[in-house]
Amino acid sequence: MHDLGFVRANPELVEKKLRDRGMDPAETLGDFRRLDEQRREKITQLETLKSQRNELSERVGALKRAKEDATALMEQVRSIKERIDEDQQSADAIDSQLRAILTRIPNFCRDEVAVGRDEKDNVEVKRWGTPPELTFQPKPHWELGAQLGILDLERAAKISGARFAVYWGDGAKLERALISFMLDIHTREHGYTEVLPPFMVNSKSLFGTGQLPKFAEDLFHCVDAEGFEPGQYRDNDHWLIPTAEVPVTNLYRDETLDEASLPVCLAAYTPCFRSEAGSYGKDVRGIIRQHQFQKVELVKFTRPEDSDAEHEKLTRNAETILERLSLPYRRMLLCTGDTGFSSAKTFDLEVWLPGQGLYREISSCSNFEAFQ
RNA sequence: GGAGAGGUGGCAGAGCCCGGUUGAAUGCACCUGACUCGAAAUCAGGCAUACUCGUAAGGGUAUCGGGGGUUCGAAUCCCUCCCUCUCCGCCA
135 MHDLGFVRAN PELVEKKLRD RGMDPAETLG DFRRLDEQRR EKITQLETLK SQRNELSERV
195 GALKRAKEDA TALMEQVRSI KERIDEDQQS ADAIDSQLRA ILTRIPNFCR DEVAVGRDEK
255 DNVEVKRWGT PPELTFQPKP HWELGAQLGI LDLERAAKIS GARFAVYWGD GAKLERALIS
315 FMLDIHTREH GYTEVLPPFM VNSKSLFGTG QLPKFAEDLF HCVDAEGFEP GQYRDNDHWL
375 IPTAEVPVTN LYRDETLDEA SLPVCLAAYT PCFRSEAGSY GKDVRGIIRQ HQFQKVELVK
435 FTRPEDSDAE HEKLTRNAET ILERLSLPYR RMLLCTGDTG FSSAKTFDLE VWLPGQGLYR
495 EISSCSNFEA FQ
């Protein structure tokens, strides 16, 4: 979320950045300016009253200690208190409206990010490797996997439903080997520390990384049947993580890191759970868009002035994995319209899929700046 | 699930029973100054965060796990939630 003072101080910039994202500044910002002024006006008013109340209360205390009568003064404070209660209510209402606006403003894309509408406007930055020229018609992975007996989507559907996978034998081993391979390279060669976080987090963590409040629909929400209200959530509800980014980034939430310890580089393996609401009919075949998938995540905490260089290094670290596996890929710089809500700049790595004859996203590396 | 004990500033630790000069004693850590050739020790002073008013100096408000309540006034009393610890029970 952006800082209130920053949004107030940079109205032109905010509007420009919203337009770059294809958003309507008027619609997104609404009554921001008026609410912000009202809020500060109310605060001043409220605090003056509170100041009076505190002063008078103190005098009541002094009188009582001196064993003198204080009833007149107490009556006076009581009337101030009533006005405070009223003002407090309207101040709270203004506050929550302002907060609602702030939480819906996305991070601002860096200037070097191309302004564009969707993935068609993404810019190819580099390409590595050459897609092999095959003398035969390559099979899609779901056919190959089924034939080899390593991928079983039918039984997954039976025990869990659509968009799940069962990996058998070498398929399960391959998954495990890839996880170890990535963790080992990142921890031994790239200087990351391995962490194993919980796979469930509370609501506050999801606000911290920007999944809530806008993207509640994309998450699996664990609630007690008792007291459940659809669409509602409480601070202590549990949610299945949609990516390790959520628990790992929130590790240091509300903490101040010692500058000398930066950059903090963390690598985490977790399963990831996504409801994929709204994606029905998309990528229905195979294991491309699953409710549960396994991922190794890299997270860095850096000084602001180092974040670009560290973002580049992290992206290189991810590319190294593909290179060691001899998988041809290309790096895309996402345009403003395709960049995620919390990100200021995102590189997607797209790997060559012979069965489909195209590059598809395999990895996404974002600089979130101070937004999370 | 049951019983009990706790959660206070960067850390440690008072205050809570008996509400009011307590934004919070004291110690440690940290910063500045004095002393010293320098350091240690000692002495003096400083040392939270957010919001807000103000050009500034400076002021105000809030914050003692979170939220709510009682009261003229809450770290202190009441309710509720969260977390930690101890003991008992239950379960994979």
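Just so we're aligned: the first sequence equals residues 135 to 506 in this note's numbering.
For each residue, glycine too, the CB sits at the ideal point set by N, CA and C.
If you draw a straight line from the C-alpha of residue i to the C-alpha of residue j, how long is it?
| i | j | result |
| --- | --- | --- |
| T473 | T454 | 23 Å |
| L468 | R212 | 59 Å |
| T327 | A378 | 14 Å |
| L282 | P272 | 14 Å |
| L520 | R153 | Because the chain spans 135 through 506 in this model, residue 520 falls outside it and cannot be assessed. |
| E258 | G250 | 14 Å |
| Q210 | N188 | 12 Å |
| L183 | Y386 | 38 Å |
| G279 | A394 | 48 Å |
| H445 | N501 | 6 Å |
| M157 | V247 | 16 Å |
| L138 | T383 | 22 Å |
| E253 | F475 | 15 Å |
| W262 | T269 | 22 Å |
Ignore the nearest five residues each way along the sequence and tell me which others in residue i's own chain have a CB closer than 8 Å to its CB.
| i | result |
| --- | --- |
| Q186 | I214 |
| E149 | P159, L163 |
| A225 | R173, K176, I177, L180 |
| L190 | L207, Q210, V211, I214 |
If we call anything under 8 Å between Cβ atoms a contact, is residue i one with residue j?
| i | j | result |
| --- | --- | --- |
| H320 | A401 | yes |
| I507 | H136 | What is shown of the chain runs 135 to 506, which leaves residue 507 out entirely. |
| T318 | V300 | The sequence shown places Asp at residue 318, rather than the Thr named in the question. It is not a contact, given that the beta carbons lie outside the stated cut-off. |
| P376 | R423 | no |
| C406 | L448 | no |
| F242 | A478 | yes |
| M316 | V430 | yes |
| V398 | F427 | no |
| W302 | I284 | yes |
Can you name the start and end residues of the beta strand (DSSP E) that residue i belongs to?
| i | result |
| --- | --- |
| K260 | 257 to 262 |
| Q426 | 426 to 435 |
| W276 | Looking at the DSSP string, W276 is not in any beta strand (DSSP E); the run it does join, the alpha helix (DSSP H), is 275 to 282. |
| V148 | Note, V148: premise wrong, no beta strand (DSSP E); alpha helix (DSSP H) at 145 to 154. |
| P405 | 398 to 407 |
| M466 | 463 to 467 |
Report all residues from its chain with a CB closer than 7 Å to the CB of residue i; omit the five preceding and five following residues, and keep chain order.
| i | result |
| --- | --- |
| Q231 | L169 |
| R193 | L207 |
| T264 | P462 |
| V380 | V335, S339, L340, T343, Q345 |
I'd like the list of long-range same chain contacts for residue i, defined as Cβ closer than 6 Å, with 5 residues on each side in sequence excluded.
| i | result |
| --- | --- |
| I496 | L483, V485 |
| G420 | H275, W276 |
| H372 | M334, C356 |
| Y367 | S337 |
From which residue to which residue does the alpha helix (DSSP H) around residue i run?
| i | result |
| --- | --- |
| S339 | 337 to 342 |
| L183 | 166 to 199 |
| E453 | 441 to 458 |
| H320 | 304 to 322 |
| L163 | 159 to 163 |
| R212 | 205 to 236 |
| N384 | 379 to 384 |
Here's the rule I'm using: 16 or more other beta-carbon atoms within 10 Å means buried, otherwise exposed. How should residue i be labelled?
| i | result |
| --- | --- |
| L492 | exposed |
| G415 | exposed |
| K198 | exposed |
| A296 | exposed |
| L330 | exposed |
| L374 | buried |
| R322 | exposed |
| S413 | exposed |
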